[in-house]
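Working notes, structure below.
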Amino acid sequence: MVEAYTLKALRVNLSKRKAVVQPVNERFAIEFIGGRGWGAKILYDEFDGPIHAFSPENLLIVAGGPLTGLTVPCSGKTAFVSISPLTGLYGDSNVGGSLAVELKKNGFDVLIVEGAAE
2 MVEAYTLKAL RVNLSKRKAV VQPVNERFAI EFIGGRGWGA KILYDEFDGP
52 IHAFSPENLL IVAGGPLTGL TVPCSGKTAF VSISPLTGLY GDSNVGGSLA
102 VELKKNGFDV LIVEGAAE
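Just add 1 to the spot in the sequence shown (first one is 1) and you have the numbering used here.
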């Protein structure tokens, strides 16, 4: 199943205007299968305590799953994961379309956005 992933994350820091490519561990990819799983684990690992939803330290994680790019119906879902402004806790949503496919075509399984633009 690991073959379904590029095993790369693109981390964009809007405050510093920098982007970094990070490797994704194979074990991580297997244990937390794409989209919501990856987003939940990344949020859990990044924060030690509460964080405000509108804080520049909050993350917006965009990820597809292992079926992204296949000709399987409904396989093109993209998950958006972050701290919810409504609850202050984990929040996620997903959309159909080609965003996850385009992300994967460009060599990434996950996009992590942090910081704040001016």
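Glycine included, every Cβ here is placed at the ideal spot set by N, Cα and C. Small disclaimer: the values here were computed from a predicted structure and weren't measured.
Here the alpha carbon of R28 sits roughly 12 angstroms from the alpha carbon of K42. By the neighbour-count definition (other C-beta atoms within 10 Å, threshold 16), D46 is an exposed residue. Rounded to the nearest whole angstrom, the CA to CA distance from C75 to G116 is 32 angstroms. Scanning its chain for C-beta atoms nearer than 6 angstroms, with the 5 sequence neighbours on each side dropped, one finds around W39 the residues F33, A64 and V111, in chain order. For D46, the three-state secondary structure derived from DSSP is helix. Under a 10 Å Cβ-count criterion, A118 is classified as exposed, with fewer than 16 other Cβ atoms of the shown protein chains found around its own Cβ. Within the model, the alpha-carbon separation for I113 versus I62 is close to 5 angstroms.
Separation of V102 and L71 (C-alpha to C-alpha, rounded to the nearest whole angstrom) is 9 angstroms. Bridge pairing for E115: N14 [DSSP].
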